[in-house]
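The structure appears below as structure tokens.
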Amino acid sequence: MASPALRGMLGSCRLLFLLHRGSSSSSSTRGGTGSGSLTKQAEANAATDWKKKLTPEQFYVTRQKGTEPPFSGIYLNNTESGIYCCVCCSAPLFSSEKKFNSGTGWPSFSEAYGTCGRDESNANIMRRPDNSLGSTRTEVVCKQCDAHLGHVFDDGPPPSGQRFCINSVSLNFRPGSGQ
């Protein structure tokens with residue numbers, strides 16, 4: 126069961142989605158007047174909710190697509206068995222069984238939790254194109270709450286060949302079996 130604060134944030138996110146969805150369909154039918162300000166208000170409310178729940182660094186990375194400094198994250202050298210979950214919504218994201226030392230300065234994983242081969246439909250991550258630094262990369266976000274997690278690259282170990290380069294600050298670690 127989600128906490129009242131989390132339910133409030135999820136409610137704000139749902140409202141934001143509905144308002145955004147409504148503004149795109151209603152702008153063509155009603156001329157678009159007024160819906161933009163409601164969307165901006167919902168965005169502001171959602172940001173305020175996230176700021177209450179997260180540390181400033183967590184907010185910067187997960188909600189503003191920031192990056193923690195390399196070699197600074199608390200999970201970089203973690204070797205315990207368990208599951209890495211989203212710091213925002215607690216969705217399981219990565220298993221310790223798929224974690225490896227890439228030498229890049231961020232925790233690295235060869236695949237997302239719930240992945241079967243190349244099928245990520247049961248995983249709690251989504252991939253998005255990211256052209257923010259002038260080159261094309263692939264951003265990784267939480268499928269449940271849209272938190273920015275990091276990026277994925279095609280230079281990982283076999284068999285997947287992938288390296289999910291994830292910010293520690295976007296994760297919480299839940300000790301256990303890792304499965």
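Going by our numbering, the first residue of the sequence shown is number 126, and it counts up by one from there. Where a beta carbon is used, it is the ideal one built from N, C-alpha and C, also for glycine. Note that this is a predicted model, so its numbers are computed, not measured.
Check: Can you check whether the CB of C290 is closer than 8 Å to the CB of C213?; Outcome: no
Check: Could you tell me if N247 is buried or exposed, where buried requires 16 or more neighbouring beta carbons within 10 angstroms of its beta carbon?; Outcome: exposed
Check: Does Y185 come out as helix, strand or coil in the three-state DSSP assignment?; Outcome: helix
Check: Spell out the partners DSSP gives S220 in its beta bridges.; Outcome: I208
Check: Please name the residue, chosen from S285, D255, W231, G259, that lies closest to P194 on a Cα-to-Cα basis.; Outcome: W231
Check: Determine the direct distance from the alpha carbon of E236 to that of S215, and round the result to whole angstroms.; Outcome: 18 Å
Check: Could you give the DSSP three-state label for T263: helix, strand or coil?; Outcome: strand
Check: Which two residues bound the contiguous beta strand (DSSP E) that contains P254?; Outcome: 250 to 255
Check: Run through the DSSP bridge pairs and tell me what N297 is partnered with.; Outcome: C210
Check: With a threshold of 16 other CB atoms inside 10 Å of the CB of T158, please say whether the residue is buried or exposed.; Outcome: Note that T158 scores 46 on pLDDT, short of 50, meaning its location in the model is unreliable and no value can be drawn from it.
Check: Can you tell me whether S293 is buried or exposed? The criterion is at least 16 other CB atoms within 10 Å of its CB, across all chains shown.; Outcome: buried
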